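Residue numbers (the UniProt record's numbering): 1 to 354.
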């Protein structure tokens, strides 16, 4: 049983199943005008924090107090690269005055904005910016020149500031790379032009150690339209993205050790997806569709991991049966997650060399 109630743009949704009533309330606020862009984050108490860039490049910080907005202007102008909240819910933002110039770290302390210059360079937003215990921040960054690029790691502490960055891996100057934090490990997904198409690569990293895995996942005919989304449950990992508005994916059933080859599918085509953010960073359980079956949605449609993974697995099963008619799909590594290891090298088609 399902009921949807709407009044003055606020809405209630009620669902009753197996004797349990679940409900959701959505409040629609007044729209904000005269802005160029924004960054938003939510703390563990459910409080919304927003940094708004106005048309005159001024920056406004706003915090929702439950019944009203609390606002303050920032002491500098520039482009906001990222916004994160520490474990106490205090905002930290990285800001660039101009491309190639110094990056500022702004944070709230004693009801005032403080700023400091980062002791390292960033090319674009950080790959990962995540809160750590004791009000610290973890940052994985990427800096490129004309000749090369480099991925590095560093940690911010309110008592000692930013640590000296630790170089992690080199990249090509034209290589596109995205970073993810999942269950204590870092995943760096990258792609670069090759003939034919684009090569897709994955590095699995322990933040306290060295690279654990360096994998070549396969070839893409078109690059991702936007940053891929990482979803997961138990031992399963699922990368999901769109290429030319067509959904594409690859997944692992053994915690990222081996992966299915990249596949594209026409369900939901044409589509557009975005990650879902939470107090601990991007959600690994849901993805937001802002376009689905060609429909531009006023409000994103959230879809959970389970139905998405079932669709992706069904597409791969169909491809395997088409390529190997008469084969039992239960022999395929990607169907049920069970895998018997053969001689060295067997079943490692998606593994790259270090």
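Note that CB positions come from ideal geometry on N, CA and C, so glycine has one too.
Values in this document were obtained by computation on a predicted structure and should not be read as measured data.
A distance of 7 Å or more separates the beta carbons of residue 149 and residue 126. No residue range can be given for residue 267, since it is assigned to no beta strand (DSSP E) and is classified by DSSP as neither H nor E.
By the neighbour-count definition (other C-beta atoms within 10 Å, threshold 16), residue 39 is a buried residue. At least 7 Å separates the beta-carbon of residue 52 from that of residue 42. In this structure, the straight-line span from the alpha carbon of residue 47 to that of residue 66 is close to 7 Å.
For residue 170, the closest alpha carbon among the candidates 139, 310, 214, 31 is that of 214.
Closest in alpha carbon position to residue 186, among 208, 109, 193, is 208. The Cβ-Cβ distance between residue 85 and residue 96 does not fall below 7 Å.
The C-beta separation of residue 35 from residue 55 comes to about 7 Å, placing the pair in contact by the 8 Å criterion. Around the beta-carbon of residue 275, 16 or more other beta-carbon atoms lie within 10 Å, marking it buried. Cβ contact annotation for residue 16 (same chain, cutoff 7 Å, sequence separation greater than five): 1, in chain order. About 6 Å separates the CB atoms of residue 107 and residue 114; that is less than 8 Å, so the two are in contact. Take the alpha-carbon of residue 263 and the one of residue 238: they are about 12 Å apart. About 5 Å separates the beta carbon of residue 71 from that of residue 62, a gap short enough to meet the 8 Å contact definition. Here residue 242 is buried: its Cβ has 16 or more other Cβ atoms, across all protein chains shown, within 10 Å. Excluding the 5 residues flanking it on each side, residue 116 has same chain C-beta neighbours closer than 6 Å at 105, in chain order.
DSSP places residue 312 within a helical segment (H, G or I) once states are collapsed to three.
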